[in-house]
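K.L.:
Going by my numbering, the first residue of the sequence shown is number 55, and it counts up by one from there. C-beta atoms are modelled at their ideal positions from N, C-alpha and C, and glycine is treated no differently. My structure is below; once you've seen it, I'll send some questions.
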Amino acid sequence: MKPDAMMWDAVVVGGGPAGLSAAVYLGRARRRTLLLHSGHSMAKWELDVQNYLGFPQGIAGADLLDRGLSQALRYGVDVVEDNVDSLSVAEPFRLVGREMVYEGKRILLATGLTHLPPDIPGVKECLGRSLFFCKDCDAYRVQGRRIVIIGWNNEAAEYALGMLAFSPSVKICTNGRQAVWDGIHAGWLNEYGVSVSSLRICAVDHDGGWIGSFTLESGELLEADAAFTTRGDVAHNRLAAQASAALNEDGQVVVDHCMHTSVPGLYAAGCLTPANCQMIIAAGQGAIAGQAINRSLFEESLCRHALPTGGSPTDGVESRRLMC
Ligand SMILES: Cc1cc2nc3c(=O)[nH]c(=O)nc-3n(C[C@H](O)[C@H](O)[C@H](O)COP(=O)(O)OP(=O)(O)OC[C@H]3O[C@@H](n4cnc5c(N)ncnc54)[C@H](O)[C@@H]3O)c2cc1C
55 MKPDAMMWDA VVVGGGPAGL SAAVYLGRAR RRTLLLHSGH SMAKWELDVQ NYLGFPQGIA
115 GADLLDRGLS QALRYGVDVV EDNVDSLSVA EPFRLVGREM VYEGKRILLA TGLTHLPPDI
175 PGVKECLGRS LFFCKDCDAY RVQGRRIVII GWNNEAAEYA LGMLAFSPSV KICTNGRQAV
235 WDGIHAGWLN EYGVSVSSLR ICAVDHDGGW IGSFTLESGE LLEADAAFTT RGDVAHNRLA
295 AQASAALNED GQVVVDHCMH TSVPGLYAAG CLTPANCQMI IAAGQGAIAG QAINRSLFEE
355 SLCRHALPTG GSPTDGVESR RLMC
């Protein structure tokens, strides 16, 4: 049987850049804060984060998370590794994890999303090494290399066209799908000399995750040093949906400028929201959410006449004298 629920001012679900950043803000605001996470931050996939401010030599995503965790612990945040199965909206909110039940006056969902890798056998080993999802994160590191974009829609066409700023060798492979880009995009691909293969990829040939070529169904080799895919994302929005928070057509949680969802007291930050999915943006959104939650708890205490009372400055001086 699960033990009785424990109660916090704020419960943050998610231990990626968004959740950790919010936890640091809430801990430093002296709020009783719990961070729950299942240990699967996408940041772990990146071996060398080059676009996070303050690390000119780059930093492994896993190291960045370790540093964030130590920072949150330093400010008194409780951290529990647990997978949260359900969230119910009540006063307080109630979260049922696999290990325990948790209650919080405010909840921040920072559960992120998963980028879908292409449907190619053996490709997972290449993730973060030579197979990427994000031009802003990874185009810089593959300059001048042979690049394949795996995709079949307008987004894939624009990806390929954008990559021409980094390499003259850019091709698209639709991996057996019918290309669905429109006439304007087809015209641009033609104008800029981006070749397109519509054959299915049967295998990836790589050395320790570093791609050398793709084998097409014809037996032909499509040589490449790096690939980008635009297959799509799966937003981890189950808890938000259980709370009836508004989602957009991509399944991301709709938030206002304070990261507040459509449900009073429920906040969301990071890649779970419609923001561009970047670590520094997730961390920034976490900070905004942490500040907003703190403000909302403060306002509630004011209205309920529940703030700690102050003594007169003289009292303080007296007690310091007494302590001495
Ligand atoms: C291969 C790869 C390379 C990347 N490279 C870069 C890069 O160079 N630069 C960059 O800025 N970004 C990069 N990214 C994107 C980056 O990883 C994300 O922007 C970032 O991790 C998003 O942070 P987040 O906090 O929103 O979500 P995440 O970091 O994904 O964290 C989500 C957290 O929620 C937890 N969680 C989810 N569901 C539950 C649940 N039910 N119960 C408990 N916990 C739960 C997870 O365990 C995890 O702790 C890369 C991504 C990939 C896949």
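1. For a test of your reading of the model: does the CB of M313 fall under 8 Å from any non-hydrogen atom of ligand 1? Yes or no.
2. Could you tell me whether the Cβ atoms of S92 and G115 are closer together than 9 Å?
3. How would you call F397, buried or exposed, if buried means at least 16 neighbouring beta carbons within 10 angstroms?
4. Between which residues of its own chain and L243 is the CB-CB distance below 8 Å, once the five residues before and five after are set aside?
5. Helix, strand or coil for E100? Go by DSSP, reduced to three states.
6. Determine contact between the segment 163-172 and the segment 62-79, defined as no fewer than three beta-carbon pairs at a distance below 8 Å.
7. Let me know if A97 comes out buried or exposed under the rule of 16 or more other beta-carbons within 10 Å of its beta-carbon.
8. Please classify V177: is it buried, with 16 or more other beta-carbons within 10 angstroms of its beta-carbon, or exposed?
9. Can you tell me whether S45 is helix, strand or coil according to DSSP?
10. Among residues of its own chain, excluding the 5 on either side of H311, which ones have a beta-carbon nearer than 7 Å to its beta-carbon?
11. Nearest CA to the CA of D304: which residue from H169, A233 and D259?
12. Let's test the definition: count the other Cβ atoms within 10 Å of the Cβ of T363 and tell me whether it reaches 16, buried, or not, exposed.
13. Do R199 and A280 have their C-beta atoms within less than 9 Å of each other?
14. Leaving out five residues before and five after Q197 in sequence, what residues of the same chain have Cβ atoms less than 8 Å from its Cβ?
15. Check whether the Cβ of E100 lies closer than 8 Å to any heavy atom of ligand 1, and answer yes or no.
16. Does DSSP classify W242 as helix, strand or coil?
17. For M96, is the beta carbon positioned less than 8 Å from some heavy atom of ligand 1?
18. How about M333 and F282: are their beta carbons less than 9 Å apart?
19. Between the beta-carbon of A346 and the beta-carbon of L141, is there less than 9 Å?
20. Run the CB neighbour count on I238, radius 10 Å, all protein chains shown included, and call it buried at 16 or more, exposed below.
21. Does at least one heavy atom of ligand 1 sit under 8 Å from the Cβ of F187?
22. At what residues does the alpha helix (DSSP H) containing M217 begin and finish?
23. Mapping DSSP to helix, strand and coil, what is R148?
P.N.:
For this structure:
1. On the sequence shown, residue 313 is found 259 positions in, with the first residue counted as 1. No, the beta carbon of M313 sits no closer than 8 Å to any heavy atom of ligand 1.
2. Numbered from 1 along the sequence shown, position 38 holds the residue referred to as residue 92. Numbered from 1 along the sequence shown, position 61 holds the residue referred to as residue 115. Taking 9 Å as the Cβ cut-off, S92 and G115 do not qualify as a contacting pair.
3. Since the first and last residues shown for the chain are 55 and 378, residue 397 lies out of range.
4. Reading the sequence shown from its first residue, position 189 is the one you call residue 243. A211, A214, L215, I226, W235 and V250.
5. If you number the sequence shown from 1, residue 100 lands on position 46. Three-state DSSP puts E100 in coil, outside helix and strand.
6. yes
7. Against the sequence shown, residue 97 aligns to sequence position 43. Looking at its Cβ environment, which holds 16 or more other Cβ atoms inside 10 Å, A97 is buried.
8. The residue labelled residue 177 in the question sits at position 123 within the sequence shown. V177 comes out buried.
9. Only positions 55 to 378 of the chain appear in this structure, which leaves residue 45 out of reach.
10. Within the sequence shown, numbered from 1, the residue matching residue 311 stands at position 257. Cβ neighbours of H311 beyond the five flanking positions: none.
11. Locating residue 304 in the sequence shown gives position 250, counting from the first residue. Nearest C-alpha to D304: H169.
12. Locating residue 363 in the sequence shown gives position 309, counting from the first residue. So T363 counts as exposed.
13. Within the sequence shown, numbered from 1, the residue matching residue 199 stands at position 145. Within the sequence shown, numbered from 1, the residue matching residue 280 stands at position 226. A contact, by the Cβ cut-off of 9 Å.
14. Position 143 of the sequence shown, counting from 1, holds the residue named residue 197. Correct list, in chain order: F220 and S221.
15. The residue given as residue 100 occupies position 46 in the sequence shown. Yes, since a heavy atom of ligand 1 falls inside the 8 Å radius drawn around the Cβ of E100.
16. As a position in the sequence shown, residue 242 is number 188, starting the count at 1. Helix.
17. Reading the sequence shown from its first residue, position 42 is the one you call residue 96. Yes, the Cβ of M96 comes within 8 Å of a heavy atom of ligand 1.
18. As a first step, residue 333 must be located in the sequence shown, where it is residue number 279. As a first step, residue 282 must be located in the sequence shown, where it is residue number 228. No, the Cβ-Cβ distance between M333 and F282 is not below 9 Å.
19. Translated into the one-based positions of the sequence shown, residue 346 becomes position 292. Translated into the one-based positions of the sequence shown, residue 141 becomes position 87. Contact flag unset, no.
20. Taking the first residue of the sequence shown as 1, we reach residue 238 at position 184. I238 should be labelled exposed.
21. As a working note, residue 187 is residue 133 in the sequence shown. Yes.
22. Counting from one through the sequence shown, the residue named residue 217 turns up at place 163. N208 to M217 is the extent of the alpha helix (DSSP H) around M217.
23. Start at 1 with the first residue of the sequence shown, and residue 148 comes out as number 94. Residue state, collapsed to three classes: strand.
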